[in-house]
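A short worksheet on the structure shown next.
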Amino acid sequence: MVRERRRKREQKLTVNGGVAYGVEMKVVVPTASNVREGVVQRARRKEVFYFDEQKQRSSVLNAIGCRSRMGWARRVATENFFEVNKPREGGFSAIYKGKLQNGLEIVVKRLSMGSSQGNIEFENEVLLLARLQHRNLLSIMGFSLEVNERLLIYEFMPNASLDHFLFDPIKQVQLNWEKRHKIIEGIARGLLYLHEDSRHRIIHRDLKASNILLDAYMNPKISDFGTARLLDRTEGNTMRIIGTYGYMPPEYAQCGTFSTKSDVFSFGVLILEIVSGHKNSSFPEGLVSYAWENWRQGTPLNLVDPTLMVYSTIQILRCIHIGLLCVQENVNDRPTTASVVLMLGSESITLAVPKRPTFLLYTSSTGPDMLSRNNNV
Numbered sequence: 001m002v003r004e005r006r007r008k009r010e011q012k013l014t015v016n017g018g019v020a021y022g023v024e025m026k027v028v029v030p031t032a033s034n035v036r037e038g039v040v041q042r043a044r045r046k047e048v049f050y051f052d053e054q055k056q057r058s059s060v061l062n063a064i065g066c067r068s069r070m071g072w073a074r075r076v077a078t079e080n081f082f083e084v085n086k087p088r089e090g091g092f093s094a095i096y097k098g099k100l101q102n103g104l105e106i107v108v109k110r111l112s113m114g115s116s117q118g119n120i121e122f123e124n125e126v127l128l129l130a131r132l133q134h135r136n137l138l139s140i141m142g143f144s145l146e147v148n149e150r151l152l153i154y155e156f157m158p159n160a161s162l163d164h165f166l167f168d169p170i171k172q173v174q175l176n177w178e179k180r181h182k183i184i185e186g187i188a189r190g191l192l193y194l195h196e197d198s199r200h201r202i203i204h205r206d207l208k209a210s211n212i213l214l215d216a217y218m219n220p221k222i223s224d225f226g227t228a229r230l231l232d233r234t235e236g237n238t239m240r241i242i243g244t245y246g247y248m249p250p251e252y253a254q255c256g257t258f259s260t261k262s263d264v265f266s267f268g269v270l271i272l273e274i275v276s277g278h279k280n281s282s283f284p285e286g287l288v289s290y291a292w293e294n295w296r297q298g299t300p301l302n303l304v305d306p307t308l309m310v311y312s313t314i315q316i317l318r319c320i321h322i323g324l325l326c327v328q329e330n331v332n333d334r335p336t337t338a339s340v341v342l343m344l345g346s347e348s349i350t351l352a353v354p355k356r357p358t359f360l361l362y363t364s365s366t367g368p369d370m371l372s373r374n375n376n377v
């Protein structure tokens, strides 16, 4: 009976390497039953995992390891994940495209072996995403944990990530204003679920265009929860700063303080990028500074992507306004995620007057990539 239940929880997948043969392995698919049994939480005890404590982190790994070792067969060997199989590279992981035997396309993320950051990413992704279900969040389909392998399996997003369209001079014309506004609203709803509507308050901490995936209908899916934090109070503090330069609020980049308003700040930068079609780092003074100066001088439409031939002026000005409110220096001046969703959905809601936002200047030495400051957690 136990073997039968175990067998049903397993699925086979084939990782395609762009050649005539592939790799077969078994994956464990998180279900309501195994989540309750201990992969993610103890339902009766309502145990909550905090990832900044080494002891709890180890216990989580042990729990996942016991569950996964029961159902895993061969480890991936074919091709040794040659460069040809790496369509996208992350800070601590590589991404591969795969296909289930039933034809369903999936994505496999391979976390760096021997990397402590890779271990943390794995824990966060499995423990958080397995308990989160929302149309604007990327769904995790399974995972593999072996001695030398940490694999995460997700649904495949045919339109890749937002940055592939938004910052490509050829592809960005495919993102008309209607689609861009739909993406902005979808991201906001996904954040609202993370911050208020799920059972746990979750701070993403690395919201950016490359972490917004797009399905076949250009619906946005927030992805990459490797650096996310589960919060049981209004705000938290860390000595370990991880995120992407240009999207970090000042209180987090300088002091390590994070809250739901940290994600709101990142979302504000993202709104301005979606409106302009430019990366935050495209301007010497930064996109936020450029947007503010144009707003102050009464020329906010200078920010609009010139490839947008048709758009609602009222709607696009409102988005710029909301974006500037989200990037306010004072945390209390930023709107809540719930307020952002309401403001985006109704033009009748009066918006506050934005103040001069903070400017974390972009420099070539720092660059727009992931910023990490380690002071021993």
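Per UniProt numbering, the very first residue in the sequence shown carries number 1; after that it's consecutive.
Ideal placement from N, C-alpha and C gives every residue a C-beta, glycine not left out.
Same chain only: Cβ atoms within 7 angstroms of residue i, ignoring 5 sequence neighbours per side
i, result
"PRO357", "VAL288, TRP292, LEU324, VAL327, GLN328, GLU329"
"LEU132", "SER198"
"MET141", "VAL29, ILE106, ILE153, TYR154, GLU155"
"ARG334", "LYS261, VAL264, PHE265, LEU325, CYS326, GLN328"
"ALA352", "LEU325"
"THR307", "GLN172, VAL173, GLY277"
"ILE184", "ILE271, ILE274, CYS319, LEU344"
"LEU104", "none"
"PHE165", "LYS171, GLN172, GLN174, LEU175"
Residues of its chain near residue i, where Cβ-Cβ distance is below 6 angstroms and the 5 sequence neighbours each way are ignored
i, result
"GLN315", "none"
"TYR311", "TRP177"
"SER210", "SER161, ASP163"
"ILE322", "MET343"
"SER139", "GLU155"
"PRO354", "LEU324, LEU325"
Residue i - DSSP class collapsed to helix/strand/coil
i, result
"PRO357", "coil"
"GLU347", "coil"
"GLN56", "The pLDDT assigned to GLN56 is 41, lower than 50, so where the model puts this residue is not dependable, and the model offers no usable value."
"ARG155", "According to the sequence provided, residue 155 is Glu. The question's Arg does not apply to it. In the structure shown, GLU155 sits in a strand (DSSP, three-state: E or B)."
"GLY226", "coil"
"SER144", "strand"
"THR244", "strand"
"ARG318", "helix"
"THR257", "strand"
"ILE120", "helix"
"SER279", "For the record, residue 279 in the displayed sequence is Lys; it is not Ser. The answer is coil: DSSP assigns LYS279 none of H, G, I, E or B."
"PRO300", "helix"
Alpha-carbon spacing of residue i relative to residue j, whole angstroms
i, j, result
"GLY298", "CYS319", "15 angstroms"
"ARG135", "ARG189", "9 angstroms"
"ASP168", "GLY277", "9 angstroms"
"ILE212", "VAL269", "13 angstroms"
"ARG180", "LEU137", "17 angstroms"
"LEU272", "ALA94", "29 angstroms"
"LEU111", "HIS204", "19 angstroms"
"ASN119", "GLN254", "26 angstroms"
"ASN124", "LEU145", "14 angstroms"
"ASP206", "THR227", "7 angstroms"
"PRO300", "LYS182", "21 angstroms"
"ARG150", "ALA130", "16 angstroms"
"GLU251", "PHE258", "7 angstroms"
"GLU347", "TYR96", "42 angstroms"
Enclosing beta strand (DSSP E) for residue i [first to last residue]
i, result
"GLU293", "It is not in any beta strand (DSSP E) - GLU293 instead sits in the alpha helix (DSSP H) that spans 287 to 296."
"GLU105", "105 to 111"
"LEU191", "Taken as a continuous stretch (DSSP letters only), LEU191 belongs to no beta strand (DSSP E), being part of the alpha helix (DSSP H) at 177 to 192."
"LEU138", "Here LEU138 belongs to no beta strand (DSSP E), and DSSP marks it neither H nor E."
"LEU213", "212 to 214"
"ARG334", "Per DSSP, ARG334 belongs to no beta strand (DSSP E) and is neither H nor E."
"ARG201", "201 to 203"
Cβ neighbours of residue i in the same chain (closer than 8 angstroms, five flanking residues each side left out)
i, result
"ASP215", "MET157, PRO158, ASN159, LYS221"
"TYR247", "ASP206, LEU207, LYS208, PHE265, SER266, VAL269, LEU270, ASN280"
"VAL304", "VAL275, SER276, TYR311, ILE316"
Start-to-end residues for the alpha helix (DSSP H) that takes in residue i
i, result
"PHE267", "260 to 276"
"ASP163", "162 to 166"
Closer than 8 angstroms to chain C by CB, residue i
i, result
"GLU196", "Annotation note: the requested chain C is absent from the structure, which comprises a single protein chain."
Open item on the list: Contact between the region 287 to 297 and the region 216 to 232 is defined here as three or more beta-carbon pairs at a separation below 8 angstroms; is this criterion met?
Closed with: no
Open item on the list: For the region 186 to 200 against the region 168 to 176, do three or more pairs of beta-carbon atoms, one drawn from each stretch, fall closer than 8 angstroms, so that the two count as touching?
Closed with: no
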